[in-house]
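Counting from 1, position 127 in the sequence shown corresponds to residue 430 in this note's numbering; the numbering is continuous, with no gaps. By construction, the Cβ of each residue, glycine as well, lies at the ideal position given by its N, Cα and C atoms. Given the structure is predicted, the values throughout are model-derived calculations rather than measurements. Structure record follows, encoded as structure tokens.
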Amino acid sequence: MQLVVTVLMVGMIWTVHVVHYDLFPLVGADSWDAYEHAHVDRIGKVLFGPWLIEGLCVLVLLLAHPTRMRIAALISAFLMLFILIDTAAFSAPAHGVLLNHWDQSTYDRLMTVNLVRAWLWTAKGAVAVWMMVEVMRTRIASDD
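What follows is the structure, given as structure tokens:
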């Protein structure tokens, strides 16, 4: 479950970064406010479920912490923590400014912090793949 949700989030964050955010400057001042409000509302609805499931998966892995995956679970948790900090401290406030009006410097900061967030999600995806490989390796070894 975690691998699926994490890979979904990796795809979503890169899509938002490369498609949605990259197109922001093309919206135009007359349409900006309505566009940004719709973007924040819609993307929030799309991302809420996967974020919630991802967070629950991280908690389960930390609490269950199978010995063979303890390090991977901790790395995954720290990556999630950094993603949440990036979102709360930088991305959400940037969108707060952009909800009021278009601001090029705020947009530039959003692009930078979102790129960091995209790479954090990508690293989290790699850790999820690592954990799945470990699970499969253990199952194969136990079948022998």
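| Check | Outcome |
| --- | --- |
| Let me make sure I understand the geometry here. Which of G331, L418, A376 has the alpha-carbon closest to that of F393? | L418 |
| Where does A376 land, buried or exposed, given buried means 16+ other C-beta within 10 angstroms? | buried |
| Just reading off the alpha helix (DSSP H) that F327 is part of, what are its end residues? | Where F327 is concerned, there is no enclosing alpha helix (DSSP H), given that its DSSP letter is neither H nor E. |
| How many Å lie between Y338 and V416 at the Cα? | 21 angstroms |
| Measure the Cβ-Cβ separation of K427 and T318 and say whether it is below 8 angstroms. | no |
| Could you give the distance in angstroms between the alpha-carbon of D336 and the alpha-carbon of R420? | 24 angstroms |
| Taking the alpha carbon of D325 as the point to measure from, which residue in R442, R412, H340, W354 has its own alpha carbon closest? | R412 |
| Name the residue from D333, H320, P328 whose alpha carbon lies nearest to the alpha carbon of S408. | P328 |
| Could you tell me whether the Cβ atoms of W433 and I386 are closer together than 8 angstroms? | no |
| By a C-beta neighbour count over all protein chains shown, 10 Å radius and 16 as the cutoff for buried, is V361 buried or exposed? | buried |
| Which residues in the same chain as V246 place their Cβ atom closer than 7 angstroms to its Cβ, once the five residues preceding and following it in sequence are excluded? | Residue coverage of the chain in this structure runs from 304 to 447, which leaves residue 246 outside it and unanswerable. |
| Beta-carbon within less than 6 angstroms of L355's beta-carbon, same chain only, minus the 5 sequence neighbours each way: which residues are those? | none |
| How close, in whole Å, do the beta carbons of L364 and M372 come, if the pair is a contact with beta carbons under 8 angstroms? | 7 angstroms |
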